[in-house]
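Going by our numbering, the first residue of the sequence shown is number 33, and it counts up by one from there. What follows is a set of notes on a single structure, which appears directly below.
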Amino acid sequence: MVSENERGSEIVQFAVTVPLLVLVVFATMQLGGMALAASQLSSEITRACRQFDAGGFERATDKEAFVEEGIVGASSQLRPESLHVERVRWERETRQEGSDSAGGAIEQRTSLLALSYDVRYELPSILDVPGLSGRSLERSVLGVFSEGRVIEVEVGP
Numbered sequence: 033m034v035s036e037n038e039r040g041s042e043i044v045q046f047a048v049t050v051p052l053l054v055l056v057v058f059a060t061m062q063l064g065g066m067a068l069a070a071s072q073l074s075s076e077i078t079r080a081c082r083q084f085d086a087g088g089f090e091r092a093t094d095k096e097a098f099v100e101e102g103i104v105g106a107s108s109q110l111r112p113e114s115l116h117v118e119r120v121r122w123e124r125e126t127r128q129e130g131s132d133s134a135g136g137a138i139e140q141r142t143s144l145l146a147l148s149y150d151v152r153y154e155l156p157s158i159l160d161v162p163g164l165s166g167r168s169l170e171r172s173v174l175g176v177f178s179e180g181r182v183i184e185v186e187v188g189p
């Protein structure tokens, strides 16, 4: 038989334990969502660089908007309102290589466009978990294009 002092202790234990358990479940879901978003961001940026229109970039007046639209247009997973492109920098470089074989000079010119920019993506939040909500991922991207086609893409933290 349960004494009068122990009556209701199960309810108190339940009332204390359930909120903590719910917090742990939502924090785990939030961490999983953050890991998924980080993976998606890197793959979507790489895919966008491979589809990037280097000629259109050079003609664009608003470079940040052009790059942002390129990433969002190539992405099927990212939320456009959470994506921000900043610090777009580019440099056009022409390399000349020459060789002399049998008295004839052969010269080859290669035109390269080095494009770098920073991407910030605000992570989705399931619940306002302290320390986990309101976070964003930042990536630095470097793409090198030759004759309008990507030859190298580097995505770093």
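All residues carry an ideal CB built from backbone N, CA and C; glycine is no exception. Since the model is a prediction, treat every value here as computed from it, not as a measurement.
When the options are compared against residue i, the one with the closest alpha-carbon
{"i": "Ser157", "options": "Val185, Ile43, Gly65", "result": "Gly65"}
{"i": "Leu144", "options": "Ser41, Gln128, Tyr153", "result": "Gln128"}
{"i": "Tyr149", "options": "His116, Glu76, Ser165", "result": "His116"}
{"i": "Gln109", "options": "Glu90, Glu184, Leu155", "result": "Leu155"}
{"i": "Gly188", "options": "Arg167, Ala92, Val151, Ser178", "result": "Val151"}
{"i": "Arg15", "options": "Ile43, Gly175, Ser114, Gly87", "result": "The structure shown does not extend to residue 15, since the chain is modelled only from 33 through 189, so no value can be given for it."}
{"i": "Ala86", "options": "Leu55, Val50, Ser178", "result": "Ser178"}
{"i": "Phe89", "options": "Leu147, Leu169, Leu52, Thr142", "result": "Leu147"}
{"i": "Lys95", "options": "Leu68, Ser75, Arg119", "result": "Arg119"}
{"i": "Glu186", "options": "Ser74, Ser165, Leu52, Glu101", "result": "Ser74"}
{"i": "Arg121", "options": "Tyr153, Val56, Gly175, Gln140", "result": "Gly175"}
{"i": "Val170", "options": "Ser71, Pro51, Val50, Phe58", "result": "Looking at the sequence shown, residue 170 is not Val but Glu. Of the candidates Ser71, Pro51, Val50, Phe58, the one whose C-alpha sits nearest the C-alpha of Glu170 is Ser71."}
{"i": "Arg181", "options": "Val56, Ser165, Thr142", "result": "Thr142"}
{"i": "Glu101", "options": "Thr93, Pro112, Thr49", "result": "Pro112"}
{"i": "Met61", "options": "Ser165, Ile183, Val44", "result": "Ser165"}
For residue i, the residue or residues it bridges with in DSSP
{"i": "Ser178", "result": "Leu144, Arg181"}
{"i": "Ser172", "result": "Asp150, Gly188"}
Three-state secondary structure (DSSP) of residue i
{"i": "Arg167", "result": "coil"}
Buried versus exposed call for residue i [16 or more other C-beta atoms within 10 Å across all chains shown]
{"i": "Ile103", "result": "buried"}
{"i": "Phe46", "result": "exposed"}
{"i": "Ala80", "result": "buried"}
{"i": "Ile77", "result": "buried"}
{"i": "Gln83", "result": "exposed"}
{"i": "Val99", "result": "buried"}
{"i": "Ala69", "result": "buried"}
{"i": "Gln140", "result": "exposed"}
{"i": "Val54", "result": "exposed"}
{"i": "Val173", "result": "buried"}
Inside the segment 38-122 only - alpha helix (DSSP H) runs reaching at least 4 residues: Taking only runs of at least 4 residues, the alpha helix (DSSP H) segments lying wholly in the segment 38-122 are 41-82, 86-91, 95-106.
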